[in-house]
Structure formats: C-alpha cells, structure tokens
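One structure below.
Protein chains in written order, with our numbering: chain A, 1 to 350; chain B, 1 to 378.
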C-alpha cells in the first residue's frame, strides 16, 4: 500500500465520522464547521503538503492530493485545498511562515483589480474561499506572496452553487502582514495550475462518491417489484457514473505524480478537463437514476453534485481546452500522438 | 464499490522499447509508403508481421522456450500502440498475437504450445476467432456448433459468422458444444481448427466500406483430431470469457481515429477555426486519459490481477469516444469525404464514417459490457 493510500484511508475514516450528512448541512447554513476543522487539525491533516519550515507537516503534492480526494469523497466543508496544496505551493517562496488556523488563497479571477502599490494592497479579490473565516488570506500579487487578514478587508459574503463560502475581499491601501518576493516558478499561470489540480482532486473524490451513492440507491430502490438497478436503462446511468469516476481518479493520480517531479502543465490541464466533463456527465446520470429523491436537500446526492458544478467553474473550465488545443497545433501533426503517450515529456509547450 | 485504477508509467526499459519501435516505424513504415488503415482493420502484410516477429515484438508475453520473449502486457501495449496509430497493416498476426497465443499458452498442452507458439511469435500464423454464430451474438453461450466424438477426434458441424479474416486465417479457435448439459454455460469446448481442413466453406461478407474483412464459416463434418481440443473439455465458457477480457483493455479501443485527427491537423493547420482548436485540445486530454486506463489495466494483468471491470470500462468509454471524434470531425469541416480522394484525411474519414459503428460492437457490444460492469458494481 502506498503512502497516499494510507493517507487517503486515514482521512477517509476521520471524515466519515465527522463530516456526516447533518454536519455538512449545518455548515452550509452557518458557513463553517468547527467540528470538522478541529478534528482534521488534530490529526495534522490541515497542513499536509506544506513544508515544515513554513509551519506545515511536510509531504508531497501527491500526499495533499490524496487528502483532497478523501475530502471530496466526504464533501468536507473546509478550505482544505487552500490550507494544504495551495498554501504549500505559495510557501515555496523563502520567508513565508504560515500561522495556525484555516488558510485561504486568492484565486486571481480574470477581472480582479488587486495591485501592490508601495507595499500597500489595493483593489478587490473576488470569490475567495471562506475569506471571512481565514486566519490568513494568501495571494500571489505582482510577483509577491502576500498575506492579509480578513479584518484588513471589507468582506462581501457570497457562496458558490454548493453553498460554500466564496467572499469578495476589498482592500484600500492596507499593509499585508506577510509580503515576500515570489520565486520565478511562482507565476499566475502556475497558481492556476495548482488550483486546477486541487479542484480536480476534490472532484475525483466527489465523483467516486456519486458513483457509490448511485450504485447503492439503484440496488435499494424498488419499482415494478424489483430493484431499479436491474433495468438496463438504469444500469447505463450507474455505469456512466463509475466510469467517469475511475477516469478522473486515474488522471488526477498521474497529474499529481508529475507535479511532484516539476513539469505537469499538460497533465493538470488534461485532468481538470476530464473532471469538468465528468461533473456534467456523472451529475446528470446520477440525478436521472435517483429521480425526484435526488433533487432534494434531504437526500445526500446534492452535497456532491452541487460541489462538482461549483468546482468545475473554479480554476479553469473551457479555457484549458483552448489552451491545450493551441499547444497541440503549435507542436504539429507529427507529434500529436506523442502528447497522448508521453504527456508533458512530449515537449508540448503550455 | 467504485472501480479504481492505480496510476502507472513506463519504466526506463519500456521507454527504450518504445524508442526502438518508433525508430522501426520511421524506417519501415514512413508516412506515404503505404495506405494507412483504421486500427485493427488495417489490411495485412506477412512481411511486416515477420519483421515484427524477428524483433521479438509478437507473442511478447509468451515464454522464451516457446519462441516468445517472456516480456509483458505493457511491452505489448507499447509496441501495438505505435503501430496502430500509424494505421500499419497488422491483420495477419493481430488475433494470434493478442489472444490466441495467450490462450494456447494458458490452456494448451505442451504439444500444442510447441506446435503453435513459436510460429505465432514469428508472425507466421494467422488466427481467427470462432465465437459468433447466426443465432448467437451477445448471447454467446447459446452457440449451436457441435462437435461429436468420433474415432481419434471430433466431427464438427455448424456455422460461425462475423469472423474477421477467416478467409486468410491458418487456424481458428472455435467455441462449440461438445457435451450435453442442462446449463448452456456447460458442455462447451474450444477446438483448434485447421482452416484448410476438408468440409470448411468460407463465404466473405462485404463490409459497409466494400472491404471483405468479415466472413461466414460453415463446417460440414469437419474432422478435428483429438489433440486439438484446447484446455479442458466442457470448460469452454470459462476459457472464452477470459479470452474476451484480453480483447478488451487494449489501445485498439481508443486509438483508431488518432490517424484521422493527425491528418486533419496536417492538412488544415493554417485554417483551423476556434472550434477546431478546442476540439484538438479536448480530444488530446481525453485520449491521454483513456491511454492511462489501458496502461493501468495492462500493468494489473502483469501483476497477476484480473482487471475485467477496468478493461470493460476502458473498452466502453474508448469506443464511444472514438465515435464522438468522427462525428465531431464531420461537424468541424465541410467536406464530402471520399474513399478515393487524394487527401489522406478525406479517405480515412470516409472509411471511418462507414465503419465507426462497428467499433462499439466487436469484442462484446457496449450494452453487454455495461451489464457486466453494473453487475460488478453491486
């Protein structure tokens, strides 16, 4: 069993006990789950993939991805992606020390107006996950890794379609509590890629759960005197869910492995593309198989399908497809297959 | 429980093999030197099969003592994907290499192994698959071909149909009824049939694109010596279902349109619409993901596991994707594809339009596969 399998199992056990259906519903209404955070923090899960020098517990990108898959499988209502994988990546800049507590990361939306002017931060960061609750809001702004606290911002609270906090934070000339020069590989595009990997990992977990829920429901639910899963037309939906989950799960594993080695732009863009497709295909199939029951907040399915729709829109939806296409054209017909077989090693330039 | 696959990658040795195969293809199969085909239906070249055999690239997983290379399923994947994506003519050795040799190695007697495996690994023998019958398609256990015991062997009567390459093949592994049983899954056996035996009539059946890949094979009192029964008498169903799972996981389930898209890109690189660019980006991601499934399933086989469900999802998703690619290409470019066009893209697309519906059928229809997957998820 690999280290990632062990980590997944540990996190899976904890989340199964803590992030119950009721707790996730409560977090949707209150905007936060202290219970989940404290339990995860106690096991050290909230800083996996963050270097020890920066206040983390160490671990690879693949470790953080395994944790996020488990988090996706249990719809953990916390900024775990931001506190682990994304914070760990930002903390590669020398001098970045992270405080205790939930961290979040400014996702650098296309029309964000943030700028550093004389070491002061101006403008608005849009759709910051749990911006209101973070002990520190991290960002990559104008070649610097910055950290600000929510108290330094005007917070406009909002949620995504899954009911998770996505807040707009406005800054009017505040001095960040953390401001270190970014290292050269910390570009805006690489932040988008790390974000895309984090969302793909969460989505892989959610897809596996959607597949399990759908397989189970169609065995239990009876109509016309038998389990609906014995009808071929319903089996089609069950199988689609399982296929999409397996496809994305595998793609994310490969992307994480390559990311730990350095160059993984292709693998991450491809994995997120598969995850985005799967969100559409699997959600539709799962809901169709569930009928009216799946459309209610009383039944567990929505905690996963709504997150799939939300995460699909974060860190690249259609844009990666176009980017990949342009790179394939630039590489040329003679190397088309090499991209399929060799991924980033084909020399595709992204 | 969900179906999961474990990520794997080519070892250094496997990448060396890949480089050798790529160099071989550059030398022996340069673009323009042959008319490329589509995947498994790519025509046949005994010369190419022999060249591959000489290099140890056929029957790769077979033991060395029987002419194989003691290599692996992943090694075979590395070799076949490079050949398939170029549309190389592989039909002469395809079935023997993919499954007949594996079956004989797994279930055959020592004499059968000595007799067949070295010639399979050398690319000499062409095998065909005797499964479907006029009244037995997806419901394979209902086959009616029957072999009755006679002095020194069996007397076979019946009809096989949709048999690719029957008219070129040297041998067939034929599923037939040899014993009476209450349960249709019992009483079946596999026989090795010399296709030149008296009493065999082969009637080619033209495909939609005019090629005669398919045939009907009629057996009338065909004598099969007793030493050509493969495996256990009456165990045919178990053997044939494991044979079908070898058929499913490979790159041939997603790779077929690669050569069409490659030619589309080559011929239209200067005039691609934004939709075409998105198509190229989207398909490259999906192809990469499907190839990871084939690779992971192949690695599982090499580790002694039986990835039947993983292979089934690979085939189901791969062949559906292949069809989507053909449909999308037709929407992207306003040409009338022609089998005799001067443009390789147009010729390949025309063939694909005609034969693509067969891709999710052969090797077990996707409807049957989905039933197998659904059962596995319970």
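Where is the CB? At the ideal position from N, CA and C, for every residue including glycine.
Check	Outcome
Are three or more beta carbon pairs between the segment 114 to 128 of chain A and the segment 48 to 68 of chain A nearer than 8 angstroms?	no
Taking C-beta to C-beta, are residue 93 of chain B and residue 126 of chain B nearer than 8 angstroms?	yes
I need the DSSP call for residue 200 of chain B, collapsed to helix, strand or coil.	strand
Does chain A have any CB closer than 8 angstroms to the CB of residue 34 of chain B?	no
Can you give the Cα-Cα distance for residue 295 of chain B and residue 72 of chain B, rounded to whole angstroms?	12 angstroms
Mind checking the segment 110 to 131 of chain A against chain B and listing, in chain order, the residues whose C-beta falls within less than 9 angstroms of any C-beta there?	none
Please classify residue 237 of chain A as buried or exposed, where buried requires at least 16 other C-beta atoms within 10 Å of its C-beta.	buried
In chain order, what residues of the same chain lie with their CB nearer than 6 angstroms to the CB of residue 307 of chain B, ignoring the 5 residues before and after it?	297, 300
Can you name, in chain order, every residue of its own chain whose Cβ lies under 8 angstroms from the Cβ of residue 30 of chain B, other than the five neighbours on each side?	none
Rounded to the nearest angstrom, how far is the Cβ of residue 159 of chain B from that of residue 134 of chain B, given a contact under 8 angstroms?	6 angstroms
When you compare each of B/367, B/231, B/250 to residue 112 of chain B by their alpha carbons, which one comes out closest?	B/231
Kindly indicate if chain B contains any beta-carbon less than 8 angstroms away from that of residue 328 of chain A.	yes
Give me the Cβ distance between residue 176 of chain B and residue 192 of chain B, rounded to the nearest whole Å; I'm assuming they're in contact under 8 angstroms.	The pair is not a contact, with the Cβ atoms about 12 angstroms apart (cut-off 8 angstroms).
My output table needs one value for residue 149 of chain A: the three-state DSSP class, helix, strand or coil.	coil
Could you name the residues of chain A that residue 253 of chain B contacts, counting a contact when the two beta carbons are closer than 8 angstroms?	Result: empty, since nearest Cβ-Cβ is about 13 angstroms, beyond 8 angstroms.
For residue 80 of chain A, which residues of its own chain have a beta-carbon under 8 angstroms away from its beta-carbon, when the five flanking residues on both sides are left out?	40, 45, 46, 67, 68, 71
Using beta carbons (cut-off 8 angstroms, strictly below), is residue 281 of chain B in contact with chain A?	yes
Which partner residues of residue 395 of chain B appear in the DSSP bridge assignment?	Chain B is shown only over 1 to 378; residue 395 of chain B falls outside these bounds and no answer can be derived.
Mind checking whether residue 357 of chain A and residue 332 of chain B have CB atoms under 8 angstroms apart?	The structure shown does not extend to residue 357 of chain A, since chain A is modelled only from 1 to 350, so the question has no answer here.
When we look at the beta-carbon of residue 199 of chain A and count the other beta-carbons within 10 Å, is it buried (16 or more) or exposed?	buried
Can you give me the C-alpha to C-alpha distance between residue 36 of chain B and residue 76 of chain A, rounded to a whole angstrom?	51 angstroms
Rank B/336, B/341, B/361, B/335 by C-alpha distance to the C-alpha of residue 319 of chain B and give the top, closest one.	B/361
Is the separation between the beta-carbon of residue 349 of chain A and that of residue 264 of chain A shorter than 8 angstroms?	no
Verify whether the separation of the beta carbon atoms of residue 361 of chain A and residue 215 of chain A is less than 8 angstroms.	This structure gives no information on residue 361 of chain A, because the portion of chain A shown stretches from 1 to 350.
Give me, in chain order, the residues of the same chain whose beta-carbon lies closer than 6 angstroms to that of residue 90 of chain A; leave out the 5 immediate sequence neighbours on both sides.	138, 145
Check each candidate in B/128, B/66, B/183 and name the one with the smallest Cα separation from residue 174 of chain B.	B/128
Going by other Cβ atoms of all chains shown within 10 Å of its Cβ, with 16 needed for buried, is residue 105 of chain B buried or exposed?	buried
Which word fits residue 43 of chain A, buried or exposed, when buried means at least 16 other C-beta atoms lie within 10 angstroms of its C-beta?	exposed
So, is the C-beta of residue 82 of chain A closer than 8 angstroms to a C-beta in chain B?	no
For the candidate residues A/128, A/315, A/301, A/272, whose alpha-carbon lies nearest to that of residue 78 of chain A?	A/128
Looking only at its own chain, which residues have a Cβ that is under 6 angstroms from the Cβ of residue 376 of chain B, when we skip the five neighbours before and after it?	309
8 angstroms is my cut-off, CB to CB: does residue 291 of chain B come that close to chain A?	yes
Which partner residues does residue 181 of chain A have in the DSSP bridge list?	A/144
Check the DSSP bridge columns for residue 215 of chain B and list the partner residues they point to.	B/204
So the candidates are B/99, B/183, B/151, B/142; which of them puts its Cα closest to the Cα of residue 171 of chain B?	B/99
Are the CB atoms of residue 147 of chain A and residue 169 of chain A nearer to each other than 8 angstroms?	no
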